[in-house]
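Using the numbering used here, the first residue of the sequence shown is number 2, and each one after it goes up by one. Just so you know, even glycine gets a beta-carbon here, dropped at the ideal spot from N, CA and C. If you're wondering where the values come from, they're calculated on a predicted model, not measured in any experiment.
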Amino acid sequence: MIKKSLYFIALAGLISCEQQESKLETETAEKIVAVDSSELKAPDKEANWLNPQYLTADFNGDGHIDTAIAIIINNKKGIRIKHGNTNEEYIIGAGNDFGNGGDDFDWVKNWNLVTDSMTNEVTFMEEGDIDGSRDVKLDYPAFYIGTEEEGGATVAWKEGKYVWIHQAD
């Protein structure tokens with residue numbers, strides 16, 4: 002009986018260590034946080050906050066189809082981007098700050114695939130006032146997230162990471 006108790010205590014300790022290792026890694030918003038798929042809420046009716054629920058395209062330009070899917074983690078909305086060739090996953094929102102979008106994409110009401118080769122980015126002065134705009138080349142398909150009334154951002158793969166390209170309000 003004592004051996005069984007010690008076995009269960011040891012097993013519980015190992016499981017606890019494994020769970021701590023699979024927690025989200027804290028990195029800068031520019032780098033985007035990779036997450037173990039066991040941390041994700043399974044897409045279900047609660048995750049149907051965007052329509053369509055997922056978008057597919059070759060977002061990183063490696064010749065393989067990638068998937069961006071609406072998710073909810075710990076009651077915060079976001080998007081998981083999974084690269085088709087490597088199965089690498091990136092989480093924007095859903096508890097991870099990204100660009101000017103914050104860590105909860107509850108404000109996002111629509112999204113769509115962007116296949117244009119250029120987009121226009123709104124630029125800001127240091128104090129937050131609008132400075133102007135500039136053209137940004139899109140090397141690969143990207144996606145827009147936002148609202149009809151307030152604008153949003155194009156999310157694009159640039160120089161090995163996902164970036165926020167602010168769109169007009």
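| Spatial neighbours of THR120 in its chain, beta-carbon cut-off 7 Å, leaving aside the 5 residues before and after | By one-based count along the sequence shown, residue 120 stands at place 119. Contacts found: VAL137, LEU139, THR155 and ILE166.
| request: Please confirm whether LYS83 and THR68 have their CB atoms less than 8 Å apart. | output: The sequence position of residue 83 within the sequence shown is 82, counting from 1. The sequence position of residue 68 within the sequence shown is 67, counting from 1. Yes, the Cβ-Cβ distance between LYS83 and THR68 is below 8 Å.
| query | For TRP165, does the three-state DSSP call read helix, strand or coil? | reply | Taking the sequence shown and counting its residues from 1, the one referred to as residue 165 is at position 164. DSSP places TRP165 in strand when its eight states are reduced to three.
| In terms of alpha-carbon separation, which member of TRP108, ASP105, ILE70 and GLY102 lies closest to GLU90? | Working through the sequence shown from its first residue, we reach residue 90 at position 89. Comparing Cα-Cα distances from GLU90 to each of TRP108, ASP105, ILE70 and GLY102, the minimum goes to ILE70.
| said: Looking at the secondary structure, which residues open and close the beta strand (DSSP E) in which GLU90 lies? | reply: On the sequence shown, position 89 is the one that residue 90 refers to. That run of the beta strand (DSSP E) goes 90 to 94.
| Which of helix, strand or coil does DSSP assign to ASP107? | Working through the sequence shown from its first residue, we reach residue 107 at position 106. Of the three classes helix, strand and coil, the one that applies to ASP107 here is helix, per DSSP.
| task | With a threshold of 16 other CB atoms inside 10 Å of the CB of ASN61, please say whether the residue is buried or exposed. | result | Sequence index remark: in the sequence shown, residue 61 carries index 60 (1-based). Answer is buried; the Cβ neighbour count reaches 16.
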